[in-house]
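> Structure incoming, see below.
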Amino acid sequence: MAKLGALASVALLLSGAAVVAEDWPNWRGPLNNGISSEKDIAITWSADKNVLWKTPLPGPAGSTPVVWGNQIFLTTVTESGDLQVLGLSAKDGAVQWVKTVSNSTLTARGDEGNAASPSPVTDGQHVWAFFGDGTLACLTVDGKEVWKFNVQDRYGKFNIQFGMSSTPLLRNGVLYLQLLHGDGDPKTREARVVAMDALTGQEKWAVDRPSDGSDENEHSYASPVFFGEGDETILVTHGADYTVGHRLTDGSEVWRMSGLNPTAKYDRTLRFVASPVAAGDLLVIPTAKRGPVMGIKPKPGKDLFKTEAHLWQWERTPDVPSPLILDGLVYLCMHDGNLNVLEADTGKEVYFERTHRQRHRASPVYADGHIYLTARDGKVTVVKTGRKFEVVAENEIPESISSSPVISNGTLYLRTFSNLYAIRESSRSPSK
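For the sequence shown, the positions run -21 to -1, 1 to 411 when mature numbering (1 follows the signal peptide of the UniProt record, and there is no 0) is used.
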């Protein structure tokens, strides 16, 4: 099979002598794929080494911060249940403003989640924050409310076991949401996909997202992604036994991928948490628990399963961390810390190795030849990229982490349940 030439675009992104500092506007970075083009990011640290600053947070959350210029935005839940959006200085971690937008005591399986599980998104002028209680708010970057409403009031009460945790997507002034939930009966069709004007909150379109998935499988904790470029870009939603491509103009279905939860051995608890990731014309689709991972090259069609668009299938999926694709390899961080690497064009295994044996909820991120794997107990394993497994460093901050790492302007940000850390090589000049 020919190599997926479009994957070379990642290499082009990372090449060049001069690399400018990047914003991190979405939970998985500037291209929604966990990849940073920045150089000389810290690979070793501890609670008191290479820590530029540390800021205490008012409460725990699994949401990932976003960064634009010299500002950081994050969401959290206080002990009293206040749902808050915070603006902080990237220079010194000072809290610039706090905006309380709602109140909720929603939790999920103890410390596994709360109403601040979805991550915010920013364009440098506004911040959009979505919470598990349905609150969706648009704020200016100095914390002033532009608009706010509860999604449940507009699109129906959520019926999802561990809380709505899907992160919105922003593109060209339009905000997209996938609301995949239900009562376990596929005939009732509660699931919706929604697009709205980002500056007004007014609906542009809303479509049903049909599925014959049943029981807990109607519940999806994954986030949507974009696939393609320019006018060919589509919105990809993931959950309820299917991955579906939608037109940005009206939400209509372009294609869908079945086979993620085979009917012959149907698992009624195969709720999706990990999100798909795109690289050129390749889309890698995780499932959950004991389900498969698939590599597809999407094109219009009713069902792409077992067609020429279905490139490969691997029978071992990450349950929560989303995949990362780089230089022709797919990196899968398993929930128990094992790292499985596949060839992107064939799905053949390159290696399967053990890292830190702990729960992993954060998705991997890449910078300057290294991949960062973040465990719940605060240990971050730094692995060298490539076909040979090599652990470069293991770093510990003894605090719980569910949030994915963030890289911007030479700094690695780690959001724990207690603090936000800015990690930076001490030899580097201060961020500006």
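In this text, a Cβ means the ideal position worked out from N, Cα and C, and glycines have one as well.
The structure presented is a predicted model; accordingly, all values stated were derived computationally and were not measured.
Go ahead and label Tyr155 buried or exposed: buried means 16 or more other beta carbons lie within 10 angstroms of its beta carbon, across all protein chains shown.
buried
> Classify Val371: buried if its beta carbon has 16 or more other beta carbons within 10 angstroms, exposed otherwise.
exposed
> Whose C-beta lies closer than 8 Å to the C-beta of Lys183 among residues of the same chain, with five residues either side of it excluded?
Val153, Ala174, Met175 and Asp176
> How should Gly224 be labelled, buried or exposed, when 16 other C-beta atoms within 10 angstroms of its C-beta is the threshold for buried?
Buried.
> Got a sec, what are the start and stop residues for the beta strand (DSSP E) Val130 sits in?
Per DSSP, Val130 belongs to no beta strand (DSSP E); it is in the alpha helix (DSSP H), Val130 to Tyr134.
> So, at 7 Å on beta carbons, what are the nonlocal neighbours of Leu85 in its own chain, with the 5 sequence-adjacent residues on each side left out?
Asn93, Ala94, Gly111, Asp112 and Gly142
> Would you kindly check if the distance between the Cβ of Asp324 and the Cβ of Thr364 is under 8 Å?
no
> What three-state label does DSSP hand Glu208 in the structure shown?
coil
> Given that a residue counts as buried once 16 or more other Cβ atoms are within 10 Å of its Cβ, and exposed if not, what is Glu169?
Per the 10 Å Cβ criterion, buried.
> Could I get the ranges of all uninterrupted beta strand (DSSP E) runs contained in the segment 264 to 317, with 3 residues as the minimum, in chain order?
272 to 275, 289 to 293, 303 to 305 and 308 to 312
> Determine whether the beta carbon atoms of Asn398 and Thr114 lie at a separation below 8 Å.
no
> Does the Cβ-Cβ distance between Lys276 and Trp234 come in under 8 Å?
no
> Pick from Leu31, Pro44, Ala243 and Ser16: whose alpha carbon is nearest that of Pro4?
Nearest to Pro4 by C-alpha distance, out of Leu31, Pro44, Ala243 and Ser16, is Pro44.
> The beta strand (DSSP E) that contains Trp234, what's its start and end?
Glu232 to Met236
> Would you kindly report the start and end of the unbroken beta strand (DSSP E) that includes Ala108?
His105 to Phe109
> If I measure Cβ to Cβ from Thr167 and keep anything under 7 Å in the same chain, skipping five residues before and after, which residues do I get?
Counting only Cβ-Cβ distances below 7 Å, and skipping sequence neighbours, we find Gly161.
> Terminal residues of the continuous beta strand (DSSP E) containing Gln50?
Gln50 to Val56
> According to DSSP, which residues form a beta bridge with Thr114?
Asn129
> Can you tell me the Cα-Cα spacing of Gly230 and Leu318, whole angstroms?
35 Å
> Could you pull out every unbroken alpha helix (DSSP H) segment of at least 4 residues lying fully inside the segment 314 to 356, listed in chain order?
none
> Exposed or buried, Arg171, counting other C-beta atoms within 10 Å across all chains shown (16 or more means buried)?
buried
> Quick one: what's got a C-beta closer than 6 Å to Ala185's C-beta in the same chain, skipping five residues either side?
Arg171 and Val173
> Thinking C-beta only, is Gly326 closer than 8 Å to Phe284?
no
> Identify, in the order they occur along the chain, each residue of the same chain with its Cβ nearer than 8 Å to the Cβ of Phe240, setting aside the five sequence neighbours on each side.
Reading the sequence as shown, one finds Asn at residue 240 and not Phe. Closer than 8 Å at Cβ, skipping near neighbours: Gly192, Asn196, Asp220, Asp246, Leu249, Thr266 and Gly270.
> Considering only residues of the same chain and omitting the five flanking positions on each side of Thr57, which have a CB-CB separation below 7 Å?
Pro37, Gly38 and Gln63
> Asn93 by DSSP, collapsed to three states: which one?
strand
> Please return the same chain residues whose Cβ sits closer than 6 Å to the Cβ of Tyr200, not counting the five positions on each side in sequence.
Cβ within range, chain order: Ser144 and Val252.
> Buried or exposed: which applies to Pro377, given that a residue is buried once 16 or more other Cβ atoms fall within 10 Å of its Cβ?
exposed
> Quick one: grab the DSSP three-state call for Thr84.
When DSSP states are grouped into helix, strand and coil, Thr84 belongs to the coil group.
> Quick check on the burial criterion: 16 or more other C-beta atoms within 10 angstroms. Buried or exposed for Asp298?
buried
> Determine the DSSP secondary structure at Ala170, reduced to helix, strand or coil.
coil
> Nearest CA to the CA of Ser42: which residue from Leu10, Thr54, Thr286 and Leu31?
Nearest option by C-alpha distance: Thr54.
> Do Asp194 and Gly163 count as a contact pair if the criterion is CB distance below 8 Å?
yes
> From this set, Ile386, Lys28 and Gly122, which residue's C-alpha is nearest Ala346's C-alpha?
Ile386
> Can you find the residues in the same chain that come closer than 6 Å, C-beta to C-beta, to Ile51, ignoring five residues on each side of it along the sequence?
Pro44, Leu67 and Ala69
> Comparing C-alpha positions only, which one of Gly8, Glu1, Asp2 and Ala(-1) sits nearest to Ser383?
The shortest Cα separation from Ser383 among Gly8, Glu1, Asp2 and Ala(-1) belongs to Gly8.
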